[in-house]
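Protein sequence lines correspond, in order, to chains X and S. Numbering-wise, my numbering comes out as the position in the first sequence, counting from 1, plus 593. Numbering-wise, my numbering comes out as the position in the second sequence, counting from 1, plus 593. Everything on this sheet refers to the single structure shown next.
Number of protein chains: 2
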Amino acid sequence: MILNRWQIGKRYLNVSLARQARVAETRGSFSAIQDKDVTVFERLLGTQGVVTDPDELGSYNKDWLNTFQGSSRVALLPRNSAEVSEILRFCNDRCLAVVPQGGNTGLVGGGVPVFDEIVLSTRRMDKLHEVDDLTGIAVVDAGMVLESLDQRVASLGFTVPLDLAAKGSCHIGGNISTNAGGLRLIKYGSLHGSVIGLEAVLADGTVLNGLSNVRKDNTGVDMKQLFIGSEGILGVVTRIAWMLPSRPAFNSVAILGCDNFERVLDVYKMAKNGLAEFLSALEMFDHSSLQCVEDNVGITNPLGKPYSFYVLVEIQGSDGAVIESSLNRFVENIMDRGVVADGVASSDGRGVAELWQRRERISESIKKDGYVFKYDMSVPLRNYIDLGEKLKPRVKGLAKRVCVFGHMGDSNVHLNVTADEYSDQLFAQIEPFVYEETVKMGGSISAEHGIGLLKKKYLPLQRNAHWLNTMAIIKRTMDPKRILNPYKII
Amino acid sequence: MILNRWQIGKRYLNVSLARQARVAETRGSFSAIQDKDVTVFERLLGTQGVVTDPDELGSYNKDWLNTFQGSSRVALLPRNSAEVSEILRFCNDRCLAVVPQGGNTGLVGGGVPVFDEIVLSTRRMDKLHEVDDLTGIAVVDAGMVLESLDQRVASLGFTVPLDLAAKGSCHIGGNISTNAGGLRLIKYGSLHGSVIGLEAVLADGTVLNGLSNVRKDNTGVDMKQLFIGSEGILGVVTRIAWMLPSRPAFNSVAILGCDNFERVLDVYKMAKNGLAEFLSALEMFDHSSLQCVEDNVGITNPLGKPYSFYVLVEIQGSDGAVIESSLNRFVENIMDRGVVADGVASSDGRGVAELWQRRERISESIKKDGYVFKYDMSVPLRNYIDLGEKLKPRVKGLAKRVCVFGHMGDSNVHLNVTADEYSDQLFAQIEPFVYEETVKMGGSISAEHGIGLLKKKYLPLQRNAHWLNTMAIIKRTMDPKRILNPYKII
């Protein structure tokens, strides 16, 4: 068998130099993969399960934003946890580094190799093992695509408690490993609550079976929680028991225009109080974001005239008439009080989808501006627009737009700065400023995208030495040779 | 200073011999506390913060069910995490064992000493530091009583996302450390989701500050999760950032009578689907439980005649008219379909409270039967009554009653067997049978009360060697001298 030679660094040429500088790392003292290792993998997984063709490897080696580029020469596609266990036991013995990869939709470089780590993809682990039609507890393999699960369980009256832009390609295992948040965390809470059981394979190949058929299970340290959000540095999540909520039968959406941010906070407060049990999303976008959607994808402002801020309120429920009247009463009430000057609402499927487009297509339209500096932060709610406001004078004359939007109901802001192309000067105006400001406000430098490679150097801003040290001890304990997703987080 | 001598084992006399046998342990090789240690503690905490009087120590040394009895000769009452840190650093250096204790309302002996461990009580750490009136994020000391926090935040429109029988005396830190569940988990989810930040002190005195002002925070391994439910074996929880939900303005309750368990499942399914966003509690109790309430505390059956099972459905929401009509429609619908033969509902405060009494006073009335064997399990929902049914023929002629009740919406069953007094013969019919059956069904041997001392020997039924081993490694890593809550869980 002749292996295609794959030079380290060969594909770095396509990558923005800025990004390379931002993720400067030195290769760890891992073994380099040899032909005989590939033979072992082929014997274990079959040739279908071992990818060595450089062209085919291209998609495993870079993230979908084209920000990060590794040079792995082999991707492995196990079909079950027993195969994951065999792979890891072998890699641990041989001191070969491994990067677990799901749908490869991450934005912080957590799921792509940095050097020549072996890619362990969950692509072929996509079985839905069972759904309890009474309780909604689903046991599913890590590689199932989020939207596929949602479609599969719809006929049973359930839905997934997670909705995000990448749902058509992200893997559930990746969602769990990054603790994905998305549009409806305000309704369904975080994965730390809804994942009731989990199977993971540790670095040495040990299969940790923490699957569960029941929601309440207080039997010692809840170790499954360690894997939720740790981006594969402690183990590879292979299967999940997930508590699926009832599928809401009806939803209504309104987009409201606000003249200033105080009014936005009024909308938040009234929605939280008045629509409490129905509220399923509370999103905000500023004028700059909506203008970008209008400029770049041709979708118009649904209100008569531009406002400084727009709030999208979605409610869901089991009774269509109650849902529709609740939202209409809410909008009337909020307009009567002069909180918003204008609003538009819909309760039918098509209208709801059209209104959602104003929010959902922001990221896509922003990408068309040229180069985008993307940030995902949590900030105290009162400070929701402050990062954007502080950044505007700093980037004046350098940036095309500063767009502030995101899951306001959860204090999660997506701050995007666009320009025709990348520039060091612009970059220097943004970082480390935005991270420092976030921490000063008492926020989080990563709300829902994780730390990965991108934010690693800023983590000490967020977490003190004691915290990082304890994290490092846990990492060292569970993966002494540090073969699992090296260079990421810590 | 003359210390009152406190002989190890002195107070064991009051304890049921059966229980002593069930928790056989050998004292670890910890140091014994000396007068000079007490002097150090008094210098640190003041005499108010150090309890050495044997009579006063009585309540620290035994649990409120009177099942467990330790012989600690000192209880420490720090006021803040700095003092907790000093205490633990000193105890770790001196190799003195410590048992953290909250409101001492636990049922598995997790919060009382087994031998002469020092009691570290959170009783004087009861400050509410802040509540964000916009988001409902509250930062609160571990020693605050759950109900006190609920009362403090009511005027701001918030409530605590946890409700349980011991709310008037349990401490929030204890709730977190045991991952308490209670009546409304079905609505608010588990503490793993609602606790957004946490400060804990490790065995060596290190203060781990993971407090947070924001809900979404994905910055590496979410270590705070380790402390939720680990019953103080990894660290002492000292402060919590808790996401409080909006206080529901209205609630309605119905009690429905079912002739058989199939009908109970029908009620569950219809309630989950039809009342989805309103559903705040779904409790079940069998005829035996209600009969016990009638016999022992004189509260009558609210329905015309006895049924095999009763289901209590509570819904909550922001619009009183919607809530009342939703519940009434649900009850009519369920009666029209012949699922239940009789039901009674109320939407006014007094009526709701009266209906709740049928469920809430079960534990109290059961206690009046004499001796009670209490079990807290999770079982797959379809098997909810199976443990009780299997037990009845085994305990016939020995037990007074077998009562099955609990948080059915979460598959959490409270199985209670009563008798005039404790008997070995009866005990042998129940244990280990109930634990073995639970595990066979795919349930959990502890749904919401934890493992503590009581269930320690059954934990290997639930968790395999890999899981226990990984748990032990984490324990060893974080508390090398094992001074924190020894003899508990592992």
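All residues carry an ideal CB built from backbone N, CA and C; glycine is no exception.
Go through its chain and collect everything with a Cβ distance to residue i's Cβ below 7 Å, but skip five positions before and after it.
i, result
"residue 614 of chain X", "With a pLDDT of only 47 at residue 614 of chain X, under 50, the local geometry of the prediction cannot be trusted, and the value read off the model is given with reservation. Counting only Cβ-Cβ distances below 7 Å, and skipping sequence neighbours, we find nothing."
"residue 1025 of chain X", "1051"
Report yes if the C-beta distance between residue i and residue j is below 8 Å; otherwise report no.
i, j, result
"residue 1019 of chain X", "residue 936 of chain X", "no"
"residue 813 of chain X", "residue 1052 of chain S", "yes"
"residue 776 of chain X", "residue 1000 of chain X", "yes"
"residue 681 of chain X", "residue 798 of chain X", "yes"
"residue 749 of chain X", "residue 724 of chain X", "yes"
"residue 758 of chain S", "residue 901 of chain S", "no"
"residue 860 of chain S", "residue 746 of chain S", "no"
"residue 1073 of chain X", "residue 621 of chain X", "no"
"residue 918 of chain X", "residue 868 of chain X", "no"
"residue 927 of chain X", "residue 844 of chain X", "no"
"residue 701 of chain X", "residue 1047 of chain X", "yes"
"residue 879 of chain X", "residue 996 of chain X", "yes"
"residue 689 of chain S", "residue 711 of chain S", "yes"
To the nearest angstrom, how far is the alpha carbon of residue i from that of residue j?
i, j, result
"residue 1017 of chain S", "residue 617 of chain S", "16 Å"
"residue 743 of chain S", "residue 765 of chain S", "11 Å"
"residue 1064 of chain S", "residue 835 of chain X", "22 Å"
"residue 1035 of chain X", "residue 1055 of chain X", "9 Å"
"residue 1087 of chain S", "residue 736 of chain S", "Limits of chain S in this structure are 594 at one end and 1083 at the other, which puts residue 1087 of chain S out of reach."
"residue 609 of chain S", "residue 698 of chain S", "Note that residue 609 of chain S has pLDDT 43, beneath the 50 cutoff, so the model's placement of it is unreliable and no number is given."
"residue 964 of chain X", "residue 958 of chain X", "12 Å"
"residue 637 of chain X", "residue 653 of chain X", "20 Å"
"residue 691 of chain S", "residue 664 of chain S", "12 Å"
"residue 950 of chain S", "residue 771 of chain S", "25 Å"
"residue 718 of chain S", "residue 624 of chain X", "52 Å"
"residue 998 of chain X", "residue 708 of chain X", "34 Å"
"residue 634 of chain S", "residue 669 of chain S", "8 Å"
"residue 828 of chain S", "residue 810 of chain S", "22 Å"
"residue 599 of chain X", "residue 647 of chain X", "Note that residue 599 of chain X scores 32 on pLDDT, short of 50, meaning its location in the model is unreliable and no value can be drawn from it."
"residue 916 of chain S", "residue 946 of chain S", "16 Å"
"residue 1014 of chain X", "residue 1032 of chain X", "28 Å"
"residue 887 of chain S", "residue 941 of chain X", "51 Å"
"residue 1070 of chain X", "residue 1062 of chain S", "12 Å"
"residue 840 of chain S", "residue 944 of chain S", "19 Å"
"residue 693 of chain S", "residue 716 of chain S", "11 Å"
"residue 687 of chain X", "residue 627 of chain X", "11 Å"
CB-CB under 6 Å to residue i, same chain, minus the five flanking residues each way: which ones, in chain order?
i, result
"residue 760 of chain X", "739 and 740"
"residue 890 of chain X", "954 and 958"
"residue 732 of chain S", "722, 723 and 834"
"residue 911 of chain X", "842"
"residue 913 of chain S", "843"
Within 7 Å: the Cβ of residue i and any heavy atom of the ligand GTP?
i, result
"residue 934 of chain X", "With respect to small molecules bound, the structure shown includes none, and the ligand GTP cannot be examined in it."
Short of 8 Å in beta carbon distance, which residues of its chain neighbour residue i, apart from the five on each side in sequence? Order them along the chain.
i, result
"residue 773 of chain S", "755, 757, 763, 767, 784 and 1041"
"residue 792 of chain S", "674, 800, 801, 802, 803, 804, 830, 831, 832 and 833"
"residue 720 of chain X", "733, 734 and 737"
"residue 979 of chain X", "972, 1030 and 1034"
List the residues of chain B that residue i touches, going by C-beta distances under 9 Å, in chain order.
i, result
"residue 846 of chain X", "Among the protein chains in the structure shown, which are X and S, there is no chain B."
Task: Residues, ordered as in the chain, of the region 746-773 of chain S that lie near chain X by beta-carbon distance below 9 Å - done: If the cut-off is 9 Å between Cβ atoms, the region 746-773 of chain S has 750, 771, 772 and 773 near chain X.
TODO: Scan the region 1056-1080 of chain X for residues whose Cβ lies nearer than 7 Å to a Cβ of chain S and list them as they occur along the chain.
DONE: Only 1056, 1057, 1059, 1060, 1063, 1064, 1066, 1067 and 1070 from the region 1056-1080 of chain X bring a Cβ to less than 7 Å from some Cβ of chain S.
TODO: Return the residues of the region 859-874 of chain S that lie within a Cβ-Cβ distance of less than 8 Å from chain X, sorted by chain order.
DONE: So the close ones are 861, 862, 865, 866, 867, 868, 869, 870 and 871.
TODO: Report yes or no: do three or more beta-carbon pairs, one from the region 963-976 of chain S and one from the region 1005-1016 of chain S, lie closer than 8 Å?
DONE: Taking one beta carbon from each stretch, the region 963-976 of chain S and the region 1005-1016 of chain S have 3 or more pairs nearer than 8 Å; the two touch.
- [ ] Compile a chain-ordered list of the residues in the region 920-934 of chain X whose CB is closer than 7 Å to at least one CB of chain S.
- [x] Taking a C-beta cut-off of 7 Å against chain S, none of the residues of the region 920-934 of chain X qualify.
Open item on the list: If the cut-off is 8 Å on Cβ atoms, which residues from the region 633-665 of chain S count as contacting chain X, listed in chain order?
Closed with: The residues in question: there are none.
Open item on the list: So, does the region 672-680 of chain S touch the region 786-801 of chain S, judging by three or more C-beta pairs under 8 Å?
Closed with: By the C-beta criterion, the region 672-680 of chain S is judged to be in contact with the region 786-801 of chain S, since at least 3 inter-stretch pairs fall below 8 Å.
Task: Where the region 778-810 of chain X meets chain S: residues whose CB sits under 8 Å from a CB there - done: Result list: 778, 782, 783, 785, 786, 787, 795, 799, 800, 801, 802, 803, 805, 806, 807, 808, 809 and 810.
Task: Selection of the region 955-984 of chain S by Cβ proximity to chain X, strictly under 8 Å - done: Those residues of the region 955-984 of chain S that come within reach of chain X (Cβ to Cβ, closer than 8 Å) are 971, 972, 973, 974 and 975.
Task: Residues of the region 994-1024 of chain X with Cβ closer than 7 Å to any Cβ of chain S, in chain order - done: Along the region 994-1024 of chain X, the positions whose C-beta sits under 7 Å from a C-beta of chain S are 1003, 1004 and 1005, read in chain order.
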